[in-house]
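Student: Questions regarding the structure given below will be posed in turn.
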Amino acid sequence: MTHGEDTLSEGMSALVTGGSRGLGLLIARQLAGRGCEVTVLARDSGELGRAMGWIRRRTGRTVRAVVCDVRDENAVTAAVDEAAAAGGGLDVVIANAGVIQVAPAETAGSRAFHDAMATIFDGTLYTCLAALPHLRRSPYGGRLGLIGSVGALVSPPHLVPYSCAKAAVRALGEGLQAETAGSAVSVTTVHPGLMRTGSHLQAEFGGRAEEEYAWFSTLSGTPVLSMDAERAAEKVVQAVERRRTRAVLTPAARLASVAHGVAPAATTRATGLAARTLPRAPRDDAPHPLRQGHSLRTPRTPWRRALAKAGRTLNDRASRRYNQRTPGPPTSA
Numbered sequence: 001m002t003h004g005e006d007t008l009s010e011g012m013s014a015l016v017t018g019g020s021r022g023l024g025l026l027i028a029r030q031l032a033g034r035g036c037e038v039t040v041l042a043r044d045s046g047e048l049g050r051a052m053g054w055i056r057r058r059t060g061r062t063v064r065a066v067v068c069d070v071r072d073e074n075a076v077t078a079a080v081d082e083a084a085a086a087g088g089g090l091d092v093v094i095a096n097a098g099v100i101q102v103a104p105a106e107t108a109g110s111r112a113f114h115d116a117m118a119t120i121f122d123g124t125l126y127t128c129l130a131a132l133p134h135l136r137r138s139p140y141g142g143r144l145g146l147i148g149s150v151g152a153l154v155s156p157p158h159l160v161p162y163s164c165a166k167a168a169v170r171a172l173g174e175g176l177q178a179e180t181a182g183s184a185v186s187v188t189t190v191h192p193g194l195m196r197t198g199s200h201l202q203a204e205f206g207g208r209a210e211e212e213y214a215w216f217s218t219l220s221g222t223p224v225l226s227m228d229a230e231r232a233a234e235k236v237v238q239a240v241e242r243r244r245t246r247a248v249l250t251p252a253a254r255l256a257s258v259a260h261g262v263a264p265a266a267t268t269r270a271t272g273l274a275a276r277t278l279p280r281a282p283r284d285d286a287p288h289p290l291r292q293g294h295s296l297r298t299p300r301t302p303w304r305r306a307l308a309k310a311g312r313t314l315n316d317r318a319s320r321r322y323n324q325r326t327p328g329p330p331t332s333a
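Residue numbers (the UniProt record's numbering): 1 to 333.
The structure is reproduced here in structure tokens:
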């Protein structure tokens, strides 16, 4: 069965969750630049206000903003219905909201897993369930996009809560695509690798938090290992526009996915070797609450500080560009 329009066009109604900063902000700009009437959902009203101005200056278009915590199903349903009413329906919905916690699993504790599932998986699920009835009524054939991660394909050490939640998003996206097959609705799950979005400032770190912050901010800001955020947002929107079932954005992420599919035991051993290079969990039994990147400094030893600064330069620049500098609710984008 045909899915209607093959491209996004002027006047389509779109919604993005977690759209006030980072990847979500850039996705919203991409949609606005294609002529869509965009509604952005996020938890922080101040960040939403800055995001609206940021998009307007770059596209000349005004986006709608709705304060919404995606962990609250009733709030999500109300926000999605509000966006549909304001936009004359919904044609494109991209579920992007999330959190990142960086720490050994035992140090992070069960609370980190519950928090990751609540925002990343539950938030995506609530968005999908609220959006699908509207997308089924779209005259263009509705498009639903879910933001997964390479962590959903291969689980890296010290990011286990995040990877578990993203793996659930992957399963949700694949299942919904199967269930909507033959209808006018398409479901696309996009798996980015590391991106230079500046999200290291909003991520949460546990255990030896400053050392965890140093390696994460360095790797996520290093070219070749990480992807330019604007390019990533463009690829996300293209995948949703073209109704692809699955998109893996970076060569490194695609290689990891293929290798894990062919030889999962070997890739698990490889990630085990990588884990040995990461900060060890503290030996004491005291609780180590997660701390946001904004509050952390790089390690004091000169060589570690120099290495972290070199790798983090592009990421710090991205944090200024993409509305990440103000402390607030943590996000994966």
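Idealized CB from N, CA, C, for every residue including glycine.
Looking at G60 and G35, is the spacing between their C-beta atoms short of 8 Å?
Tutor: Going by C-beta atoms, G35 is not nearer than 8 Å to G60.
Student: Does the separation of the CB atoms of V99 and T267 fall below 8 Å?
Tutor: The answer is no: Cβ separation not under 8 Å.
Student: Quick one: which unbroken beta strand (DSSP E) runs of 3-plus residues sit fully inside the stretch 101-174? Chain order, please.
Tutor: Qualifying beta strand (DSSP E) stretches, in chain order: 143-147.
Student: According to DSSP, is T7 helix, strand or coil?
Tutor: Reduced to three states, the DSSP call for T7 is coil.
Student: Report the three-state DSSP secondary structure of A14 (helix, strand or coil).
Tutor: In this structure, A14 counts as strand in the three-state DSSP scheme.
Student: So, are the CB atoms of A65 and L48 less than 8 Å apart?
Tutor: Going by C-beta atoms, A65 is nearer than 8 Å to L48.
Student: Given a threshold of 16 other Cβ atoms within 10 Å of its Cβ, counted over all protein chains shown, does P279 qualify as buried or as exposed?
Tutor: Answer is buried; the Cβ neighbour count reaches 16.
Student: So, with DSSP's three-state summary, where would you put R196?
Tutor: Three-state result, R196: strand.
Student: Does the stretch 74-88 touch the stretch 169-180, meaning 3 or more C-beta pairs lie closer than 8 Å?
Tutor: As far as the Cβ criterion goes, the stretch 169-180 does not touch the stretch 74-88, which means the pair count is below three.
Student: For R291, which residues from the same chain have a beta carbon less than 6 Å from its beta carbon, with the 5 sequence-adjacent residues on both sides left out?
Tutor: Here the set comprises F205, A209.
Student: Indicate the three-state DSSP secondary structure (helix, strand or coil) for residue 421 in the structure shown.
Tutor: Any question about residue 421 goes unanswered here, given that the chain covers just 1 to 333.
Student: In three-state DSSP terms, what is L41?
Tutor: Reduced to three states, the DSSP call for L41 is strand.
Student: Within the same chain, show all residues whose beta-carbon is closer than 6 Å to that of T2, passing over the 5 residues directly before and after it, in chain order.
Tutor: Only weak support is given to the placement of T2: the predicted model assigns it a pLDDT of 44, under 50, and the question is left unresolved by the model.
Student: Is the stretch 185-201 close to the stretch 144-160, with three or more CB pairs under 8 Å?
Tutor: Short answer: they touch.
Student: Could you check what DSSP says for H191 in three-state terms: helix, strand or coil?
Tutor: In this structure, H191 counts as strand in the three-state DSSP scheme.
Student: Just tell me which of G207, A152, Q238 has its CA closest to the CA of A256.
Tutor: Closest by alpha carbon: A152.
Student: Please name the residue in P133, E174, I120 whose C-alpha comes closest to that of R243.
Tutor: Minimum Cα distance to R243 is reached at E174.
Student: Do V70 and Y140 have their CB atoms nearer than 8 Å?
Tutor: No; because the gap between Cβ atoms is not below 8 Å, this pair is not in contact.
Student: Please classify A106 as buried or exposed, where buried requires at least 16 other C-beta atoms within 10 Å of its C-beta.
Tutor: Note on residue identity: the sequence assigns Glu, not Ala, to residue 106. Answer is exposed; the Cβ neighbour count stays below 16.
Student: Compare the C-alpha of T39 against each of A83, T218, C68 and name the closest.
Tutor: Cα-wise, what sits closest to T39 is A83.
Student: Under three-state DSSP, which class holds Q177?
Tutor: Three-state DSSP puts Q177 in a helix.
Student: Buried or exposed: which applies to A28, given that a residue is buried once 16 or more other Cβ atoms fall within 10 Å of its Cβ?
Tutor: A28 should be labelled buried.
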